[in-house]
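Chains as they are written, first to last, in the working numbering: chain A, 1 to 159; chain B, 160 to 318.
Even glycine gets a Cβ: it sits at the ideal position worked out from N, Cα and C.
Single-structure report; data block below.
Protein chains: 2
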Amino acid sequence: MKWDDIQEMPCSVARALSIVGDRWTLLILRDCFMGTKRFDKFQKQIGLSRHRLTDRLNKLVDYEILRKAPYQEKPVRHEYRLTRKGVELYPVLMTLAKWGDNWMAGEDGPPIEYFHTTCGHKTSVELCCSECGEEINPKEMIPKMGPGLRALSEKARPK
Amino acid sequence: MKWDDIQEMPCSVARALSIVGDRWTLLILRDCFMGTKRFDKFQKQIGLSRHRLTDRLNKLVDYEILRKAPYQEKPVRHEYRLTRKGVELYPVLMTLAKWGDNWMAGEDGPPIEYFHTTCGHKTSVELCCSECGEEINPKEMIPKMGPGLRALSEKARPK
DNA sequence: AATAGTAAGTTCCAAAATAGAACTTGTAAA
DNA sequence: TTTACAAGTTCTATTTTGGAACTTACTATT
């Protein structure tokens, strides 16, 4: 199985990972959420090769997760900004960060803490049900075949 | 920057990605949450090479995200089960799935839908503040230096 | 006018990671 | 005796990556 084939899987996790599931992309997006916008900043903060960075940024632009916006003429220079599609990856990064805080932080504690300006408290994120608002326990979630899968299986045996 | 160095970064996202940030690991864990436990099942469902699968499963066992449990003697066969540390990656997978549903599903709609047995509704997941319960908007979250980073900067200039 | 600096890349090559197929081990069933 | 199964291991060709040097288009400094 080649990496590009992952995108064809009828699975939203696989499809998402086909874009962000490599070594660097989520680190680039983490930096975006911290305000980084320019090529050199990404390169210094993340420490990946310029070659790879070019690649990844282009891919993110192709998929409309970032967009290039000129910030000067002569010579033209662009910065990379999150689109709405990109901003909506925030929960992925925050849940990763929370897991890292809980399981990888060592005895010094988490490197970063978060404050929720809306309520004024030091906070952490929780995954909640959109309907009842309760925190989600994996055992209480039942996956069922959705329209995407049904459409596929109908194409497979067309009557 | 080599991939193994990522783990040393004072960033919980980077540390988490040093374990789960490769092409296959999160797909393996997705299958775990769907109930897959055995080598051959993983291999067939994901389509990665046996070699890679061996590697990734061992890594997940080393990091105590999965553990091996014997399910027969003669010959001894093991299955792979999520530990608590592993189960706590559920929010990462669900936020990825939600993003994939929203942005990668095509016109047939999401392949899988979820039902929350606790409240009985078809649901999707939301990221909420642990303190006030409101849904989180990235702009309302302020990152501040935490104890992990402070400890580091004190080691850097000892007095 | 010459030199250095900056931002955003591109080119090149050696090294590392991967895919896919074949092989191995221990066992049971036909 | 042959076939099948589960869970790997070994092998080689291919792909991806890291890192350093180079490029382009400008601005600032000497």
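Cα-Cα separation between residue i and residue j, rounded to whole angstroms
i, j, result
"B:R243", "B:I224", "7 angstroms"
"A:P1", "A:H121", "The sequence given here has Met at residue 1 of chain A, not Pro. Approximately 46 angstroms between the Cα atoms of the pair."
"B:P229", "B:R236", "6 angstroms"
"B:M300", "A:K74", "36 angstroms"
"A:A14", "A:E107", "34 angstroms"
"B:C170", "A:G146", "36 angstroms"
"A:L60", "B:D164", "24 angstroms"
"A:L82", "A:T25", "13 angstroms"
"B:A310", "A:T123", "21 angstroms"
Any C-beta of chain B under 8 angstroms from that of residue i
i, result
"A:T95", "yes"
"A:K37", "no"
"A:H51", "no"
"A:S153", "no"
"A:E8", "no"
Within 8 angstroms, strictly: CB atoms of residue i and residue j
i, j, result
"A:E134", "B:T277", "yes"
"B:I271", "A:L149", "yes"
"B:F192", "B:L286", "no"
"B:Q322", "B:L216", "Residue 322 of chain B is absent from the structure shown; chain B starts at 160 and stops at 318."
"B:Y239", "B:K196", "yes"
"A:W99", "B:E167", "no"
"B:K303", "A:F115", "yes"
"A:S49", "B:V284", "no"
Residue from the options with nearest C-alpha to residue i
i, options, result
"B:M263", "A:T25, A:E154, A:G86 and A:S49", "A:G86"
"A:S18", "B:I178, B:L186 and B:K200", "B:L186"
Contact with chain A by residue i, beta-carbon distance below 8 angstroms
i, result
"B:R174", "yes"
"B:R182", "yes"
"B:D199", "no"
"B:T242", "no"
"B:V220", "no"
- [ ] Kindly provide the ranges of any beta strand (DSSP E) runs that are 3 or more residues long and lie completely inside the stretch 99-129 of chain A, ordered along the chain.
- [x] DSSP runs (the beta strand (DSSP E)) wholly in the stretch 99-129 of chain A: 112-116, 121-123 and 125-129.
- [ ] Please specify which runs of the beta strand (DSSP E), each continuous and at least 3 residues long, are wholly inside the stretch 206-253 of chain B, giving them in chain order.
- [x] The stretch 206-253 of chain B contains these whole beta strand (DSSP E) runs: 225-231 and 236-241.
Task: Those runs of the alpha helix (DSSP H) which lie wholly inside the stretch 1-27 of chain A and span at least 4 residues - done: Whole alpha helix (DSSP H) segments, 4+ residues: 12-20.
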